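Let me begin by presenting the structure, written as structure tokens, before commenting on it.
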Amino acid sequence: MPHDKRGWRVAPAPDGRGMPEEHKPRPPHRWLAFWIFFVVLLAINWISVLVVQPGSQPRVTVPFSPYFINEVNAGQVKSISSKGDQIQGTFRTKIRYPPNDQAATPTTLFSTQVPAFWNNNALTALLQSKGVQVNAQNPNSGTSVVAEILLGFGPTLLLIALFYWLARRASAGGGMGALGGFGRSQARRADPESIRVTFDDVAGIDEAKAELTEIVDFLKSPDRYTRLGGRMPHGVLLFGAPGTGKTLLARAVAGEAHAAFFSIAASEFIEAIVGVGAARVRDLFSKAKEAAPAIIFIDELDAAALLRPGRFDRRVAVQPPDRAGRVKILQVHTRSMPLADDVDLETLASTTPGMVGADLANLANEAALLAARRSHAKVQMADFTESLEKILLGAPRGIVLGPEDRERTAYHESGHALVGMLTSGADPVRKVSIIPRGQALGVTLSTPDADRLNYSREELDAKIRVALGGRAAEETVYGKITTGAESDIEQLTQIAREMVGRWGMSDKLGPITLLPRDGQGPLLPGASETSPQMQWLVDEEVRRIVDAAHDEVTQLLSDHRGQLDSLAQALVQAETLDAPDAYSAAGVPMREAELQPQAS
34 MPHDKRGWRV APAPDGRGMP EEHKPRPPHR WLAFWIFFVV LLAINWISVL VVQPGSQPRV
94 TVPFSPYFIN EVNAGQVKSI SSKGDQIQGT FRTKIRYPPN DQAATPTTLF STQVPAFWNN
154 NALTALLQSK GVQVNAQNPN SGTSVVAEIL LGFGPTLLLI ALFYWLARRA SAGGGMGALG
214 GFGRSQARRA DPESIRVTFD DVAGIDEAKA ELTEIVDFLK SPDRYTRLGG RMPHGVLLFG
274 APGTGKTLLA RAVAGEAHAA FFSIAASEFI EAIVGVGAAR VRDLFSKAKE AAPAIIFIDE
334 LDAAALLRPG RFDRRVAVQP PDRAGRVKIL QVHTRSMPLA DDVDLETLAS TTPGMVGADL
394 ANLANEAALL AARRSHAKVQ MADFTESLEK ILLGAPRGIV LGPEDRERTA YHESGHALVG
454 MLTSGADPVR KVSIIPRGQA LGVTLSTPDA DRLNYSREEL DAKIRVALGG RAAEETVYGK
514 ITTGAESDIE QLTQIAREMV GRWGMSDKLG PITLLPRDGQ GPLLPGASET SPQMQWLVDE
574 EVRRIVDAAH DEVTQLLSDH RGQLDSLAQA LVQAETLDAP DAYSAAGVPM REAELQPQAS
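Here the numbering used here = 1-based position in the sequence shown + 33.
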């Protein structure tokens, strides 16, 4: 059996697809009959070509007048045959036409065309007076009867032969390639003995694993449940954000239960031909029944009727991992890597909130690639840190800022960082840089110490203040603003609008939902449930929150102008400052939570 790169042994399809060439079955004897039929057709075609040849003499076309008329008057025309205005005939002796062309082949066969204005009665009298034999048959078109039959019925015979051959292949189970495979399932199968993924390879989603443990136990020991009248659930629907490990979890269930695993995407059931999708579903389930116990994994399944009773009895949510789960996931993806002593997965997990399993796997891979490019013997913490920055912030751009832009960017980022350091409830500052990345000329990285499932009003106000820090720093230092705060303004406006219209954090409006979700009203789909006056109040409250935060941030930076200057100058010199250096340059003591990440 062929193996794929992940070590899964994939069984070939019944028609030999996916099987190595040396193991594919030899063509059956019916191929011999087909090739004989094909050779016979070629032979008949070749013979017909020979029959078409009218002889060794070529037929020349001569002008009707004066050449043909002169030859008739001279008694050189032996016989003619005509149809309409076309005349073909034979001379008594060979002629060369044109007469002065010595390269022309002598022949007795000729053809000509009677002009429409010619007097046919006079031509008939002339031919009779010269004893020319006039035949009533049609002129010879140069094609034999056999050739006419082949040209007329040959394509039809070939199509009949082709469909006959395809029908024989389909009835014999040999398949018809793209035609015969319409009704066959394209699911990939992995045999039980080849599945190497188990629950040990799945980390960070313990709740989902616990939900599926009973499924594994049922597949291993079905009698334990059936003797009490229990039955196997019809299906389990795994739902969650992309990259959380749904496919990996399904494979792990098959590996734990030693069951065959069939995987297919739901889009492969959709075809333009009616009935093909249903045929593929039936074929997939028939294959799974033959390989029982088996698991069918249908990826990217999305339809409104899936949750009807009797279809998927259980719904298992695969949520993004918390900090402890991220540590376990990082341990899984780094267990085959040589790690340096300075690598701290606990710290790394605390700086990656919101990342799912696929993101962490990509982080580990990027760190390994970076370490290899740097010729490190082991993967170091710096490799992980720079890989994380590349994923979160983008790769560094190779542009050089001028002195003025460089200083302005330093003050802008220092404003973000200093406001984050001095504002209660703000996320700790992890790094400040004026190295251009992506679309930004500089970045300030702030991440929470622990996973947050809820935000207080104080924490949201702090986010708005930190976002305003860059613009306020430019106003404080230069007295004018630039376009560098575009993304900051977009972010803080969204937060303020959500506070007022969705989370009920406005004292003036109270705890009511006003913002639509996905382009619809919050309660009645497709209906606008807020009046223009209420929308105006929402806008006014958003403006009030932002204006109040802006005034406070501007005053804060004015009061700490010396610390702002010190941090900006240190940033101009170093370009990038980690948390200890940034806090030291600003003269702000690091909080205890920032020195030691908290457990979630």
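In this text, a Cβ means the ideal position worked out from N, Cα and C, and glycines have one as well. Since this is a predicted model, take the numbers as computed values, not measurements.
Straight-line gap, residue i to residue j (C-alpha atoms, nearest Å)
i: T259; j: G278; result: 31 Å
i: Q568; j: M538; result: 16 Å
i: S466; j: Q524; result: 20 Å
i: K116; j: N153; result: 13 Å
i: F232; j: P255; result: 20 Å
i: I193; j: A311; result: 30 Å
i: R594; j: A382; result: 35 Å
i: T189; j: S144; result: 34 Å
i: P139; j: Y100; result: 16 Å
i: G435; j: Q602; result: 15 Å
i: S369; j: T563; result: 57 Å
i: F251; j: G288; result: 14 Å
i: L542; j: D584; result: 23 Å
i: A405; j: R430; result: 21 Å
i: A350; j: L610; result: 40 Å
i: H409; j: T380; result: 21 Å
i: K253; j: T418; result: 44 Å
i: G122; j: I69; result: 42 Å
i: T442; j: A607; result: 13 Å
Where residue i falls: helix, strand or coil (DSSP)
i: G387; result: coil
i: T456; result: coil
i: S489; result: coil
i: L542; result: coil
i: F417; result: helix
i: Q121; result: strand
i: Q161; result: helix
i: Q566; result: helix
i: V147; result: coil
i: T526; result: helix
i: Q352; result: coil
i: R576; result: helix
i: D584; result: helix
i: L547; result: coil
i: T515; result: coil
i: A236; result: coil
i: G620; result: coil
i: Q109; result: coil
i: G288; result: helix
i: P429; result: strand
i: K411; result: coil
i: P60; result: Note that P60 scores 48 on pLDDT, short of 50, meaning its location in the model is unreliable and no value can be drawn from it.
i: S369; result: coil
Same chain, Cβ closer than 6 Å to residue i, five either side skipped, listed in chain order
i: I578; result: A529
i: E321; result: The displayed chain sequence assigns Ala, not Glu, to residue 321. If we look at A321 and ignore the five residues flanking it on each side, its Cβ neighbours are F295, A327 and I329.
i: E104; result: V110
For residue i, the nearest candidate out of the options (CA to CA)
i: L570; options: G427, T231, G534 and V95; result: G534
i: V93; options: A137, L610, N106 and T126; result: A137
i: E508; options: L590, H267, L610 and Q109; result: L590
i: D118; options: A394, D250, P91 and Q146; result: Q146
i: V575; options: T140, I248, E531 and H366; result: E531
i: V286; options: I228, L451 and P613; result: I228
i: G512; options: H409, T587, E323 and N487; result: T587
i: H267; options: L281, A283 and I248; result: I248
i: K464; options: T157, A619 and T546; result: A619
i: S617; options: D134, S420 and L451; result: L451
Beta-carbon proximity check, residue i vs residue j, cutoff 8 Å
i: R356; j: A483; result: yes
i: V230; j: L245; result: no
i: G427; j: G471; result: yes
i: L372; j: K411; result: yes
i: S479; j: P461; result: yes
i: G475; j: E446; result: yes
i: L363; j: L334; result: no
i: V499; j: Y444; result: no
i: L600; j: A582; result: no
i: A292; j: D332; result: no
i: V365; j: A243; result: no
i: A400; j: D374; result: no
Cβ shell of residue i (< 8 Å), same chain only, five flanking positions each side left out
i: P275; result: V389 and A391
i: Q166; result: K111, S112 and I113
i: L159; result: I102, V105 and N106
i: G164; result: G108
Close Cβ partners of residue i (< 7 Å) along its chain, the five nearest in sequence each way excluded
i: P353; result: A274, T277, G387 and V389
i: A506; result: Y444, H445, S447, G448, L590 and L597
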